[in-house]
Each structure stands twice: as C-alpha cells, then as structure tokens.
Amino acid sequence: MPEMPEIETIRRSLEPHIRGRKIENVEVLLARQIKWPEPEAFVARILQEDIVGLERIGKYLLLQLSNQVSLIFHLRMTGQLVYVAAGAADASHHNRVIIYLDDGARLVFSDTRTFGTLYAMHQDELWRIRGMAEMGPEPLSEKFTAEYLAAAAAGRKTRIKSFLLDQSKVGGLGNIYVDEALFLAGVHPMRLAGSLTGDEIQRLHEAVNRVIADGIADGGTTFRDYRDGNGGKGSHQDNLFVYGRDGEACKRCGTLIAKTKVGGRGTRFCPSCQKI
DNA sequence: GCACTGTCCTGTTTGC
DNA sequence: TGCAAACAGGACAGTG
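The numbers in our numbering rise by one with no breaks, and the one at position 266 of the first sequence is 573.
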C-alpha cells in the first residue's frame, strides 16, 4: 500500500514526463471513485488545462493545473498512477480513470480494490478534503520534532501503533513504516502513546524519520500492488526488519518475529527487541 | 474530545 | 479438486 515514500517516489518519477503537458481528454471508467465534484464537473475542471506542477501532501498527490485547480489522487490500498508513453500498452486490468495528454501519452489511474479517491479542487476548496486539511506534521519536515511528538502523545491512552497511524498526528505514515519505526525504536506496538518516556520518544522520532528517508531512497516498498510512475517496483521490501517477516528470525537477535492485531491492523514486532 | 468498531472493496490465501 | 471463509488495510462514519 502506498505510504509517504511511495507517493513521493511516484511524484518524482511522473514529474519529468507530465509537467507542462496539456490534458486533452479524460476517460472516467469508474465514476464512484471521483469524490468531488460530480464526475461531469470533475472532467470539465481539468480538461484543456496545463499541468504546471506536482506536489505531495502526506499520501495525497496533487497535480497543479494552469487554472488554479488541483487534480488530487489518494491511492489508498491498491491504487496506481502510471505514465504510459504514446503508442505503448498498459498492463492493468483495473483501469478506472485515464487522462490523455497532448503528446499522445496518458496517465492511467488503476485500482484493483477501488478504495482510491480523486478530486478536482479549487485552491479555496481544499478544506473540503478533511484528511488533508487536518493532517499532522510530516516526517522529515521542520514541524515534526521530538518535542512535537512528545506533546502530541502526552496523556493519550491509545496504543502507540494506532497513534502513529492517525494522519492528524503524523502525516504520511502507514502500516509498513509504523511497524518498522517501532522496531527500530525498540517500542512495543501495544504501549499506550502517553506512557512513552522522553528517551523512547526521542528514539521513535529518529526511527520514523529514518524509515521514511530509507523508504524514499529505495524507491518505496513493493509487496504486491505498488508501482512508481513508470510502472517500476521499489526495493525497500528487501530492507524491512519486521513487516511481512512474521515467523522469520529477527535480524538483530534471532527471535521469531511475531504477528498480532492492534486497532484491527496486522502488526509485526520482535518480542525480544520490543518489550511491552 | 477521545477511543474504538464497522464499513467499503476484490484478489489471494487458508481451511475444510 | 473445489468451494467458502478469512484476510489484507486507509480513511471515515458511527457509537459509547
């Protein structure tokens, strides 16, 4: 599932292909994935506009258009946004929206499980996307400090795993990178957020920044669905410590990686390195 | 305000 | 072998 490193990788891989291109046509194959405005108005807002920039906010990818509208994608679980050059075939059987560009290429949004969402928003409408408007500081940003993390977690009775997945607390984290960060910090996922010591908060802050930086450097994590803007796979799955490794030996101590559920989410951890 | 649960959705895996 | 159930999880609505 695409998290912040995957969306950033997609942004970087798409930008050289589509910046400056005009949207010549839009084909909507599954209208219910367009959340705002209605599909007809959605198409009207983006048609014949130039793509002037690409931005990322948390897990949202924003294509800035020449009319001050942002074409916004959230890929959720299985969404993919792939650039297909003129004349080339695209492989997906689950295409949902196809954007035709003025050089004959196309931008194909495909999504097996159809959780992904699309928006075409004017700048003064962005507040309508609550998840984006209320997003907390992103890892690697100036606002994401150990002091911020300590203040946000203080007094919280929710599990630290659930706390880190809450986009209003830390923007851009998902299940893979939360499990990895908790392992690196030596913090058990079931710990209550408000119970972490200053030292643990410090370690967790460093670990979150590290896993996100490493994920970006590796071009993201591909388990099954994730592809970058060119259709390529990431390589961070080869460098994971716990996610997807349940039943295997911990790379640090040899104890078998355990799997449990926290807040309804599959959660992997090392019972020796991450004491409750 | 906070914490937790159910829902959406479909391909794959697991169990009988 | 074939079928049914369980599982995967990001975001949000609903509940207590």
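Even glycine gets a Cβ: it sits at the ideal position worked out from N, Cα and C.
Owing to the predicted nature of the structure, the values given are computational and were not obtained by experimental measurement.
Within the model, the alpha-carbon separation for G394 versus A412 is close to 7 Å. D532 is positioned such that its CB atom lies no closer than 7 Å to that of T424. The beta carbon of E555 is closer than 8 Å to those of L563 and I564 in its chain, skipping five residues each way along the sequence.
Here I358 is not near I379, since their CB atoms are 7 Å or more apart.
Taking the CA atoms as reference points, L456 sits about 13 Å from L447. Comparing C-alpha distances from G522 to each of E454, Y484 and Y407 shows the shortest one belongs to Y484. When only Cα atoms are considered, I508 and K566 end up about 23 Å apart. Secondary structure note for M497: it is in no beta strand (DSSP E), with a DSSP letter that is neither H nor E. Here G573 is exposed. Its C-beta has fewer than 16 other C-beta atoms within 10 Å.
Cα atoms of R437 and R383: separation of roughly 15 Å, rounded to the nearest angstrom. The way I'd put it, the stretch 397 to 410 doesn't touch the stretch 439 to 453; fewer than three beta-carbon pairs between them come closer than 8 Å.
Check the Cα spacing between A396 and each of D409, D410, V415 and V404: the tightest is with V415. Within the same chain, Cβ atoms closer than 6 Å to the Cβ of L337 are found at R403, the five residues on either side in sequence being excluded. A Cβ-Cβ distance of about 5 Å is found for the pair F490 and V549, placing them in contact under the 8 Å criterion. Put simply, of Q371, K366, V518 and R498 the residue whose alpha carbon is nearest the alpha carbon of E441 is K366. Pairwise C-beta distances place the stretch 347 to 354 out of contact with the stretch 309 to 327, as fewer than three of them are shorter than 8 Å.
For M428, the beta-bridge partners assigned by DSSP are S377. Not a single unbroken stretch of the alpha helix (DSSP H) spanning 4 or more residues falls wholly within the stretch 538 to 567. Note that the C-beta distance between A524 and L511 is not below 7 Å. Across the structure, V376 and R363 are spaced so that their CA atoms are roughly 15 Å apart. Looking from the CA of Q355, the closest CA among K342, I406, D486 and E432 belongs to I406. Taken in chain order, the complete beta strand (DSSP E) segments of 3 or more residues contained in the stretch 311 to 377 are 330 to 335, 341 to 343, 358 to 364 and 367 to 372.
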